[in-house]
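First to last, the sequence lines map onto chains A and B. Following the working numbering, the numbering of the first sequence begins with 3 at its first residue and continues without gaps. Following the working numbering, the numbering of the second sequence begins with 29 at its first residue and continues without gaps. Don't be surprised by glycine CBs; every beta carbon is placed ideally from N, CA and C. Please read these numbers as outputs of a predicted model, since none were measured by experiment.
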Amino acid sequence: MEMTEMVEDHRTFSIALTFCIMFIFWLLLSAWTIYLPEPYDLSKVSRGILAALIVTFLTYEIFVPGRGEKVLLKTRRFIPYVGWELWQIYLATIDVAKRVFGILEVDPQIIEFDTTLRSDFALVAFADSITLTPGTITIDVEPERGRYIVHAIAKGPADSLTVDQTMQKKVGYVFMEE
Amino acid sequence: MLAIDVISTIFLAAGSLIMITGTVGLLKFPDFYTRLHATGKCDTLGQILIILGCMIYEGFTFITIKLLLVSAFYLLAGPASTHALMKAAYVTGLPVWKKGDKRM
Numbered sequence: 003m004e005m006t007e008m009v010e011d012h013r014t015f016s017i018a019l020t021f022c023i024m025f026i027f028w029l030l031l032s033a034w035t036i037y038l039p040e041p042y043d044l045s046k047v048s049r050g051i052l053a054a055l056i057v058t059f060l061t062y063e064i065f066v067p068g069r070g071e072k073v074l075l076k077t078r079r080f081i082p083y084v085g086w087e088l089w090q091i092y093l094a095t096i097d098v099a100k101r102v103f104g105i106l107e108v109d110p111q112i113i114e115f116d117t118t119l120r121s122d123f124a125l126v127a128f129a130d131s132i133t134l135t136p137g138t139i140t141i142d143v144e145p146e147r148g149r150y151i152v153h154a155i156a157k158g159p160a161d162s163l164t165v166d167q168t169m170q171k172k173v174g175y176v177f178m179e180e
Numbered sequence: 029m030l031a032i033d034v035i036s037t038i039f040l041a042a043g044s045l046i047m048i049t050g051t052v053g054l055l056k057f058p059d060f061y062t063r064l065h066a067t068g069k070c071d072t073l074g075q076i077l078i079i080l081g082c083m084i085y086e087g088f089t090f091i092t093i094k095l096l097l098v099s100a101f102y103l104l105a106g107p108a109s110t111h112a113l114m115k116a117a118y119v120t121g122l123p124v125w126k127k128g129d130k131r132m
């Protein structure tokens, strides 16, 4: 009896939270400058409420994570990671520009390696990070073993993934899957 | 006002320059995979700089928030589309260029 009440509570909470966020998102995107300065008109605002409701009932199950996922801690660890990732994007562009103008060599190779990551979010975040950091692009991921197939443009970028493993450790730290 | 114009123009010019570098790489690199390296990476920083220039020019309005969301969406969608192209080429068996081979 208590278990079903808890599940029901969580469901109501998810729907309410998703609806609030979706409605604020709609206000930010379309309503603020167009609808609100005019005389108050419920039919215009009701379009936004309707759209937010439809999106809410389609997505509330995956939008709000289950209990005990430590979302706040993961978010707090994720924000510095985004800053580091923006710096890596800058380095990646400098690196590829050097290769375009012939300062560094182009010597492509395909490498495979295993990681300790298992959850969907961690796998996707790491695959995107590989593509954004200097000289490497993800080709394929095998989620069961955390195995990545990566195309590296030269030996240096390939070694930074297989030997140094700084990024694996950072993603593992953010998603707590070391 | 003039200072904002100058700063945003510098950002737009830097972004365009990086986009041009990516295009040169697209024409110069030897095979499909390496060409994706050039476009995939240069476009990401290029769009960040161009949108940053637009945001500085616009000041703090609701258009700035929309531009920020566009940039954030590109940061998620750009690597995903590059990866999709790469995987499609790899699965269909496109040969990988090795050093010393003929240009493809």
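C-alpha distance - residue i paired with residue j, whole-angstrom precision
i	j	result
ALA94 (chain A)	THR133 (chain A)	9 Å
CYS22 (chain A)	THR135 (chain A)	35 Å
THR168 (chain A)	SER162 (chain A)	8 Å
LEU30 (chain B)	ALA124 (chain A)	45 Å
CYS70 (chain B)	VAL165 (chain A)	26 Å
ILE48 (chain B)	LEU44 (chain A)	49 Å
VAL47 (chain A)	MET83 (chain B)	28 Å
ILE1 (chain A)	TYR62 (chain A)	The structure shown does not extend to residue 1 (chain A), since chain A is modelled only from 3 to 180, so the question has no answer here.
PRO159 (chain A)	THR14 (chain A)	48 Å
THR67 (chain B)	ILE64 (chain A)	33 Å
GLU179 (chain A)	THR118 (chain A)	7 Å
ARG147 (chain A)	ASP116 (chain A)	7 Å
ASP129 (chain B)	LYS115 (chain B)	22 Å
LYS72 (chain A)	PHE80 (chain A)	12 Å
ASP109 (chain A)	ALA156 (chain A)	5 Å
SER109 (chain B)	PHE177 (chain A)	24 Å
ASP97 (chain A)	GLY137 (chain A)	7 Å
THR51 (chain B)	ARG63 (chain B)	9 Å
ALA127 (chain A)	GLN90 (chain A)	14 Å
GLY50 (chain A)	GLY87 (chain B)	27 Å
ILE32 (chain B)	ILE139 (chain A)	37 Å
MET8 (chain A)	LEU74 (chain A)	21 Å
ILE17 (chain A)	THR92 (chain B)	29 Å
PRO67 (chain A)	HIS12 (chain A)	10 Å
SER32 (chain A)	LEU54 (chain B)	38 Å
ARG120 (chain A)	TYR85 (chain B)	43 Å
Residue i - partner residues in DSSP beta bridges
i	result
THR140 (chain A)	A:VAL152
GLU114 (chain A)	A:ILE151
Residue interval of the alpha helix (DSSP H) (run including residue i)
i	result
ILE132 (chain A)	122-134
THR62 (chain B)	60-86
THR168 (chain A)	168-177
VAL124 (chain B)	No alpha helix (DSSP H) contains VAL124 (chain B), which DSSP labels as neither H nor E.
Backbone secondary structure at residue i - three-state DSSP
i	result
MET29 (chain B)	coil
GLY104 (chain A)	coil
PHE57 (chain B)	coil
VAL66 (chain A)	coil
ASP109 (chain A)	coil
LEU29 (chain A)	helix
MET8 (chain A)	helix
LYS72 (chain A)	coil
GLU87 (chain A)	helix
THR89 (chain B)	coil
LYS130 (chain B)	coil
LEU45 (chain B)	helix
PRO145 (chain A)	coil
LEU119 (chain A)	coil
Neighbour flag for residue i against chain B, beta carbons, 8 Å
i	result
HIS164 (chain A)	Inspection of the sequence shows that residue 164 (chain A) is occupied by Thr rather than by His. Taking Cβ atoms only, chain B never reaches closer than 8 Å to THR164 (chain A), which makes this a no.
ALA53 (chain A)	no
ALA18 (chain A)	no
LEU74 (chain A)	no
VAL102 (chain A)	yes
ALA124 (chain A)	no
THR95 (chain A)	yes
ILE112 (chain A)	yes
ASP130 (chain A)	yes
Beta carbon proximity, residue i to chain A, threshold 8 Å
i	result
PRO123 (chain B)	no
GLY43 (chain B)	no
ALA112 (chain B)	no
PHE155 (chain B)	Beyond the ends of chain B as shown, which are 29 and 132, falls residue 155 (chain B); an answer cannot be given.
PHE90 (chain B)	yes
THR120 (chain B)	no
LEU73 (chain B)	yes
Contact set between residue i and chain D, taken where Cβ atoms lie within less than 8 Å
i	result
GLY68 (chain B)	In summary, chain D is missing from the structure at hand, where the protein chains are A and B.
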